[in-house]
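Per my numbering: the sequence shown = residues 25 to 125.
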Amino acid sequence: MTQLMITDIRKSSCDTRFDLITAIFLSLDGHETRGRRYLDERSVLVLESATAQEEIPAIGVRTGDQYIRLRAKPDHGLMVGDEIQFGKNRDKKTVIQLQQS
C-alpha cells in the first residue's frame with residue numbers, strides 16, 4: 025500500500041459537486057497504523073500524479089514532492105493532515121484507508 029498525507033482540500037471550480045484533494049507520498053519510516061476507516065472507492069477518482077518541479081504552496085506541495093490529485097464526493101470525511109493508504113486489498117479491489125491517530 026502507498027501511504028500519503030493530505031495537504032489541501034478545495035471545492036472544484038469546474039464541478040461544484042466534487043472536492044479536489046491533494047496528497048503527498050510519504051516514506052513508510054516512522055508511520056504506524058492506529059486505526060483504519062475504509063472509504064468508498066467509487067467516491068474517489070485519481071486525476072493526476074506528478075513530481076513537483078517547483079514549490080506549490082497553495083496546495084502544500086514542496087519541490088521534489090511526489091503528489092496525487094483526487095476528485096472526491098463532498099461527504100469524503102477527509103481533512104488536511106490526514107494520512108491515508110491507497111492500494112489493493114487481497115481481493116484486488118482498490119482501497120483507501122484513513123489513518124486515525
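Quick reminder that beta carbons are idealized off the backbone N, C-alpha and C, glycines included.
Per the C-alpha coordinates, the member of R95, E107, Q109 positioned closest to S37 is R95. In the assembly as shown, V70 is an exposed residue. Its beta-carbon has fewer than 16 other beta-carbons within 10 Å. For L71, the enclosing beta strand (DSSP E) starts and ends at 68-75.
In terms of Cβ geometry, T26 and Q109 form a close pair [threshold 8 Å]. I80 and V104 have their C-alpha atoms roughly 16 Å apart. Separation of R41 and V68 (C-alpha to C-alpha, rounded to the nearest whole angstrom) is 12 Å.
Within the same chain, T46, A47, I48, I83, G84, V85, V104 come within 7 Å of T31 by CB-CB distance, once the 5 residues on both sides are set aside.
For D43, the number of other beta carbons within 10 angstroms of its own is at least 16, and it is reported as buried.
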